[in-house]
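Quick notes on the structure that follows.
Structure, rendered in structure tokens:
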């Protein structure tokens with residue numbers, strides 16, 4: 001999280017900025033009436049203009065920053081992960097080869113019947 005006053009990055013566990021000593025901003029839940037009348041920037045709207053986007057992309061290219069997505073199973077247990085791995089292995093090593101073999105067999109039969117009918 002970044003300090004709203006000075007832009008300093010908060011370290012994990014800090015409740016106030018180590019540079020300007022201001023506290024972290026509190027999240028305020030708006031009432032229904034406040035939501036209807038709110039005219040500011042929401043979480044869904046980044047407010048990032050084209051210059052900011054270009055600057056961020058240039059920084060990512062220069063630093064070699066790579067975006068990645070972590071796929072989490074949440075609090076699932078070992079058996080759930082084992083079941084998922086089993087399904088994945090079945091699809092890769094059984095279902096996919098059967099489909100490819102079947103498609104090849106259909107093509108071979110089609111070519112044979114086509115050549116016979118000529």
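In this note's numbering, the protein residues as written are 1 to 118.
Positions of the beta carbon are idealized from the N, C-alpha and C atoms, including for glycine.
Annotated three-state conformation of residue 104 is helix, per DSSP.
With contacts defined as CB atoms closer than 8 Å, residue 5 and residue 22 qualify as a contacting pair. DSSP, read as helix, strand or coil, puts residue 60 in helix. Residue 61 and residue 8 have their alpha carbons spaced roughly 23 Å apart.
In summary, residue 3 is buried, with 16 or more beta-carbon neighbours lying within 10 Å of its beta-carbon over all protein chains present.
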